[in-house]
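Peer 1: Quick one: structure below, then a few questions.
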Amino acid sequence: MAKNDLQGALDLLILKTLSQLDAMHGYGIMMHIRRVTDELLIVEEGSLYPALHRMEQNGWVSASWAVTDYGRKAKWYALTRAGREQLASREKNWAQVVKGVDAILHFA
Amino acid sequence: MALLRRILSLGRRARMDREIDAELREHMAMCIDDNMARGMSREEAERDARRRFGNPTVLRERVSAEDRAIGLESLWHDVRSALKVFVKSRGFSVVVVATLALGIGANTAIFELLDAVLLQSLPVRNPQELLQVRVVDLSKARGSFFTRYPAVTNLVWERLRQDHQGFSGIAAWRDVEFSRDSGGDARFVNGLYVSGDFFGVMGVRPLAGRVFRAEDDRPGCGLPGAVISNGFWQQEFGGRPALGQMLRLNDKSVEIVGITPANFFGVAVGRNFDVAVPVCSQPYLETKNLLTSSTKWWLSVIGRLEPGWSVKQVAARLGTVSPGIFASTLRADYPPESVKDYLAMKLTAEPSAAGVSMLRETYSDPLRFLLGIAGLVLLITCANLASLMLARTTARERDLAVRVAMGAGRLRLIRLVLGESLLLSIAGALAGAALAQALSRWLVAYLNTQNNPISLDFKLDWRLFAFLLGISLLTSLLFGLAAALRASRTAPGAAMKAVGRGTTVSRGRLGFRGVLVVSQVAISLVLLFTALLFTQSLRNLLIDDPGFEAKGVLIARLDFTRLQIPVDRRAAFLRQLLDRIRSTPGVSEAANTNVVPLSGESWSNAVWIDGHDTTRRRESDFSSVSPDYFNTLRIPMVAGRDFNDDDTSQSPRVAVVNEAFAKKLGLGPNVIGARFWREATPSSPAQLNLIVGLVKDTKYRGIRRPAGPIAYLSLAQDNDTESNMQMLIRSRLPMNPAEQAIRRTLGGVSSEIRFDFDGLQDQIEQSLLAERLLATLSGFFGALALILAMTGLYGVMSYTVTERTTEIGIRMALGAQRTNITAMILGKSVTLLATGLVLGAGLSLAAASAAGAFLFGLKPRDPATLAGAAAAPRSGYDGGQSHSVNARGKREPGRLSSC
Chain A
1 MAKNDLQGAL
11 DLLILKTLSQ
21 LDAMHGYGIM
31 MHIRRVTDEL
41 LIVEEGSLYP
51 ALHRMEQNGW
61 VSASWAVTDY
71 GRKAKWYALT
81 RAGREQLASR
91 EKNWAQVVKG
101 VDAILHFA
Chain B
1 MALLRRILSL
11 GRRARMDREI
21 DAELREHMAM
31 CIDDNMARGM
41 SREEAERDAR
51 RRFGNPTVLR
61 ERVSAEDRAI
71 GLESLWHDVR
81 SALKVFVKSR
91 GFSVVVVATL
101 ALGIGANTAI
111 FELLDAVLLQ
121 SLPVRNPQEL
131 LQVRVVDLSK
141 ARGSFFTRYP
151 AVTNLVWERL
161 RQDHQGFSGI
171 AAWRDVEFSR
181 DSGGDARFVN
191 GLYVSGDFFG
201 VMGVRPLAGR
211 VFRAEDDRPG
221 CGLPGAVISN
231 GFWQQEFGGR
241 PALGQMLRLN
251 DKSVEIVGIT
261 PANFFGVAVG
271 RNFDVAVPVC
281 SQPYLETKNL
291 LTSSTKWWLS
301 VIGRLEPGWS
311 VKQVAARLGT
321 VSPGIFASTL
331 RADYPPESVK
341 DYLAMKLTAE
351 PSAAGVSMLR
361 ETYSDPLRFL
371 LGIAGLVLLI
381 TCANLASLML
391 ARTTARERDL
401 AVRVAMGAGR
411 LRLIRLVLGE
421 SLLLSIAGAL
431 AGAALAQALS
441 RWLVAYLNTQ
451 NNPISLDFKL
461 DWRLFAFLLG
471 ISLLTSLLFG
481 LAAALRASRT
491 APGAAMKAVG
501 RGTTVSRGRL
511 GFRGVLVVSQ
521 VAISLVLLFT
531 ALLFTQSLRN
541 LLIDDPGFEA
551 KGVLIARLDF
561 TRLQIPVDRR
571 AAFLRQLLDR
581 IRSTPGVSEA
591 ANTNVVPLSG
601 ESWSNAVWID
611 GHDTTRRRES
621 DFSSVSPDYF
631 NTLRIPMVAG
641 RDFNDDDTSQ
651 SPRVAVVNEA
661 FAKKLGLGPN
671 VIGARFWREA
681 TPSSPAQLNL
691 IVGLVKDTKY
701 RGIRRPAGPI
711 AYLSLAQDND
721 TESNMQMLIR
731 SRLPMNPAEQ
741 AIRRTLGGVS
751 SEIRFDFDGL
761 QDQIEQSLLA
771 ERLLATLSGF
781 FGALALILAM
791 TGLYGVMSYT
801 VTERTTEIGI
811 RMALGAQRTN
821 ITAMILGKSV
831 TLLATGLVLG
841 AGLSLAAASA
851 AGAFLFGLKP
861 RDPATLAGAA
871 AAPRSGYDGG
881 QSHSVNARGK
891 REPGRLSSC
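Chains as they are written, first to last, in UniProt numbering: chain A, 1 to 108; chain B, 1 to 899.
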């Protein structure tokens, strides 16, 4: 059975984004999700930052301060080994969630 | 590891908050940059960013909440801010902490005592394996009983030592007092007779030298050596080398061979030992040999359970081997008519991890009761503080409302207020613990009497720590919860109100505070009522007429063993000694007796009227006295005569009996001249006695017990006079000068006589210590409760008045008179008070029945039931013909008993 269900989706989005971008600050992650999903999914600051800090506490991401391309100092997040493991298992779970939801939707 | 990181990050909160602020600020800046890049003006860009960002404070709170999810950091934060609050409102904090310290201190002190007396295990290896071996029903045994602890004869003990299947080791012991002087004022040490294996079975290793081994304890061993306690070593030798030094015990010299470690006090809690010698030394230290008799019940047996055996199995095995043991230990001195009972006796075993304790038997119930009372006081304290906290929370409504408006959650507010109360109660608990140290020591000093010294080991063990922690958590919850819940209901709008206080007060809030006040009044009434009961009961006991006049009577305990007077000349010597005392200035009367009434000593035998069937036997108490005994104690002579010097061992045996004796044996009006038999005892055959006198009833075994039948025999006709005696001396002088005068007289007779003094009245009052403790402490708690309840009521009422100032103003403006207002406020408090009193009265009745067992002369119950209840715990030790000599009677070494 798929655990972490739909609510884990935000974590999954953030983890996947970080795996694609290597390292990114909060604003960048937000904009990335927005751009890639064509504004279908908008992650708000109110959800994003608590999630990022929780992941940091859990040891899934590491953070460091660095300067952006535009010369602003920002806190950059990157996946740790535990984060990558977490991402792998979340991806698998997600596939099952989708399959499950799909099955319900296509039940005739 | 995340937890570790959180703990490590404790106190770095400010830095972390700055970091979060910076991160969010940069986020906002990037957002604005983007907006402007898309062509917005700076203002538009900023407004849009802020709109999207939402409430920055809430976001920051939520982010930093993630950073300290476990809450350690935030708890620390709460504690720090609470500390700041308390420093600011110092008066409030001091009041709360002081009140709590009193409540918690009282509880802890009593708990400490309870812990030391009841709960702590013996300081030996694996105390839970220790079992006490005892006779199931000792009341059928005949002979002399040296202790109120379960005991067996040496013969039975030797059989147990030979065959102790189920025990990995077994040991016997007896506490005793040895004298350390040769004459004059007596000095004693707490001695211990121990079997050879005793220290081995206990797992006690010597601090220096050696402890006894099995080889030390064999018949005819003499005095192979003494093992002293660490306390005695420090006290006598100041810690200097003591091994090889000689000690004098009961006029014999003994070498110190070993010292036990500091934590080992013996087996009897409350009574530390000083010197231990092997059981086999008993005949060398005392005049009577206890080793070969089947009627001297003096050794307590303790064993260590063999692994693989259960207590039940061991007890069952002891039951099976009992017939064999008792059959083989019967000796000719056992009274023939009781042999059947002796052979039917059974041994059993029961857990004894906490050792034995006379203190436990005397004080465990009063202490439990007092702990209950102290708990109620703490409850009142909590109720008081709860209303104080509630009032404070209401006053802080604005502060709380601002917090709510800023995004603080309900739980956060609850935690804030609870954190404050936790901090207060921990401070209270610490102060209370300190107070308890002084209080518990005071309690022990209070219970400590010259004749029954108590030494208790108070240690700060985990139990006490758990108690303190539990009590502070509980109190903080109790007094903080109401305020916390109230705080959590704060509406953000409250902050917006220009005037924090409305014109009228919502009923709900006062309602709860009303409940608090009512319960306080009710509980304090219960406490006062109990206190009154105990005080009244103590008063009843103190003014109770025992049938004799104890005031002005001095007890002198004499020991003239060193004079080595032959048995047949002792009676004459005693008579001369008594005459010398009588002629001492200030002395009005003096008499000898072998049993001092109400001292705990007792001696009873079966009696029957001459010519009647022996099946109509009755139990009676006995006392051997000299002429003038009744005069000395002011016991009225109803008929007949007192003993006189013509009653000698050559003349027919005479007796004086009391009215209860005459009644119980159905003697009718012709008491004088009647004859009764006293049953055979281990030391003498059945004896026929002629009643020559009838006296009024007196109490014998205890103030709480009604007067029973007593037969007085003539000391001069006792053919077994001991070399020690108790003299009752009535003097016209105050106690101290009287003692001095008698000391001089005794010194004039011989410097070899050993003596010590006690007031008869003092002794009776000391026997009421448990009652006095209950009365004093419950009175103290009752008063404390009353003060707390009254301040609580005052606090609530004055708070209500302040809260209703506006309302009262309006009422007065509308024409209400001062008297109306006063009546309104008074009416409220009268209602509260009345409700509390009615509730309290109901509870008091329940409490009174719980306290019933401790009360004297207050309950309309028939005396027999009362006597039965009072007698139950002791009756087990008074069986047969016995001189049940308790701690007090043990003062005379070598005179452990006589029969």
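Glycine included, each C-beta is placed from N, C-alpha and C at the ideal position.
Just so it is clear, the structure is predicted and the values come from calculations on it, not from any experiment.
Can you list, in chain order, the residues of its chain whose CB lies under 7 Å from that of Leu105 of chain A, leaving out five sequence neighbours each side?
Peer 2: Nothing meets the Cβ criterion.
Peer 1: Classify Trp462 of chain B: buried if its beta carbon has 16 or more other beta carbons within 10 angstroms, exposed otherwise.
Peer 2: exposed
Peer 1: Where do the ends of the alpha helix (DSSP H) carrying Met31 of chain A lie?
Peer 2: Gly26 to Val36
Peer 1: Using 10 angstroms around the beta-carbon of Ala872 of chain B, count the other beta-carbons present and answer buried if the total reaches 16, otherwise exposed.
Peer 2: Per-residue confidence for Ala872 of chain B stands at a pLDDT of 30, beneath the threshold of 50, marking its modelled position as unreliable; the derived number appears in the next sentence. Under this definition Ala872 of chain B is an exposed residue.
Peer 1: Provide the residue span of the alpha helix (DSSP H) that contains Trp233 of chain B, from first to last.
Peer 2: Asn230 to Phe237
Peer 1: Rounded to whole angstroms, what is the Cα-Cα separation between Phe465 of chain B and Ser472 of chain B?
Peer 2: Distance between the alpha carbons of Phe465 of chain B and Ser472 of chain B: 11 Å.
Peer 1: For Ile729 of chain B, which beta-bridge partners are listed by DSSP?
Peer 2: B:Leu554 and B:Ala590
Peer 1: Does DSSP put residue 905 of chain B in a helix, in a strand, or in coil?
Peer 2: Since the first and last residues shown for chain B are 1 and 899, residue 905 of chain B lies out of range.
Peer 1: Taking 8 Å as the threshold (beta carbon to beta carbon), is Glu46 of chain B in contact with chain C?
Peer 2: The question asks about chain C, but that chain is absent: this structure's protein chains are A and B.
Peer 1: Can you give the Cα-Cα distance for Arg15 of chain B and Gly203 of chain B, rounded to whole angstroms?
Peer 2: Across the structure, Arg15 of chain B and Gly203 of chain B are spaced so that their CA atoms are roughly 57 Å apart.
Peer 1: Here's the rule I'm using: 16 or more other beta-carbon atoms within 10 Å means buried, otherwise exposed. How should Asp216 of chain B be labelled?
Peer 2: By the neighbour-count rule (16 or more Cβ atoms within 10 Å), Asp216 of chain B is buried.
Peer 1: For Gly225 of chain B, which of B:Phe622, B:Gly693, B:Leu690 and B:Gly244 has the nearest alpha-carbon?
Peer 2: B:Gly244
Peer 1: Throw me the rounded Cβ distance for the Ile703 of chain B and Ile764 of chain B pair, which I believe falls under 8 Å.
Peer 2: 7 Å
Peer 1: Touch check for the segment 321-328 of chain B and the segment 179-192 of chain B: three-plus C-beta pairs under 8 Å?
Peer 2: no
Peer 1: How is Glu104 of chain A classed by DSSP in three states: helix, strand or coil?
Peer 2: Checking the sequence, you will find Ile at residue 104 of chain A rather than Glu. Collapsing the DSSP output to three states places Ile104 of chain A in a helix.
Peer 1: Taking 8 Å as the cut-off, does the segment 749-766 of chain B touch the segment 517-536 of chain B (at least 3 CB pairs, one atom from each stretch)?
Peer 2: no
Peer 1: If you draw a straight line from the C-alpha of Leu291 of chain B to the C-alpha of Leu474 of chain B, how long is it?
Peer 2: 56 Å
Peer 1: Closer than 8 Å, Cβ to any Cβ of chain A: which residues of the segment 22-33 of chain B, in chain order?
Peer 2: If the cut-off is 8 Å between Cβ atoms, the segment 22-33 of chain B has Ala22, Glu23, Leu24, Glu26, His27, Ala29, Met30, Cys31 and Asp33 near chain A.
Peer 1: On the CB-based measure, 16 or more other CB atoms within 10 Å of its CB, does Ala106 of chain B come out buried or exposed?
Peer 2: buried
Peer 1: Kindly list, in the order they appear in chain A, the residues whose Cβ is closer than 7 Å to that of Glu66 of chain B.
Peer 2: Pro50, His53, Arg54 and Gln57
Peer 1: So for Arg489 of chain B, helix, strand or coil by DSSP?
Peer 2: Here Arg489 of chain B sits in coil by DSSP.
Peer 1: If you draw a straight line from the C-alpha of Phe781 of chain B to the C-alpha of Gln234 of chain B, how long is it?
Peer 2: In a straight line, the C-alpha of Phe781 of chain B is about 39 Å away from that of Gln234 of chain B.
Peer 1: Give the interface partners of Gly54 of chain B over in chain A, defined as CB-CB distance under 8 Å, in chain order.
Peer 2: Glu44, Glu45 and Gly46
Peer 1: How long is the line joining the alpha carbons of residue 901 of chain B and Gly747 of chain B, rounded to whole angstroms?
Peer 2: Nothing in the structure corresponds to residue 901 of chain B, since chain B is present only between 1 and 899.
Peer 1: Once DSSP output is grouped into helix, strand and coil, what is the label at Gln128 of chain B?
Peer 2: DSSP places Gln128 of chain B in helix when its eight states are reduced to three.
Peer 1: Report the residues of the segment 55-83 of chain A with a CB closer than 7 Å to any CB of chain B, ordered along the chain.
Peer 2: Listed by position along the chain: Gln57, Asn58, Gly59, Tyr70, Arg72, Lys73, Ala74 and Lys75.
Peer 1: Between the alpha carbons of Ile212 of chain B and Ser281 of chain B, how many angstroms are there, rounded?
Peer 2: Position check: residue 212 of chain B holds Phe in this sequence, whereas Ile was assumed. C-alpha separation (whole angstroms): 12 Å.
Peer 1: Does any C-beta atom of chain B lie closer than 8 Å to the C-beta of Gly8 of chain A?
Peer 2: With 8 Å as the cut-off, Gly8 of chain A does not count as an interface residue toward chain B.
Peer 1: Measure the C-alpha to C-alpha separation of Leu773 of chain B and Gly600 of chain B and round it to an integer number of angstroms.
Peer 2: 19 Å
Peer 1: Measure the C-alpha to C-alpha separation of Phe467 of chain B and Thr108 of chain B and round it to an integer number of angstroms.
Peer 2: 8 Å
Peer 1: Specify the secondary structure class of Ser62 of chain A as computed by DSSP and reduced to three states.
Peer 2: Ser62 of chain A falls in the strand class under three-state DSSP.
Peer 1: Can you give the Cα-Cα distance for Leu367 of chain B and Trp677 of chain B, rounded to whole angstroms?
Peer 2: 45 Å
Peer 1: Output the boundary residues of the alpha helix (DSSP H) element that contains Met790 of chain B.
Peer 2: Leu769 to Glu803
Peer 1: On the DSSP letters alone, give me the boundaries of the beta strand (DSSP E) that Met246 of chain B sits inside.
Peer 2: Where Met246 of chain B is concerned, the enclosing beta strand (DSSP E) stretches over Met246 to Leu249.
Peer 1: Check each candidate in B:Pro669, B:Leu760, B:Ser425 and B:Val517 and name the one with the smallest Cα separation from Phe548 of chain B.
Peer 2: B:Leu760
Peer 1: Let me check one thing: in DSSP terms, what residues is Asn689 of chain B bridge-paired to?
Peer 2: B:Phe676
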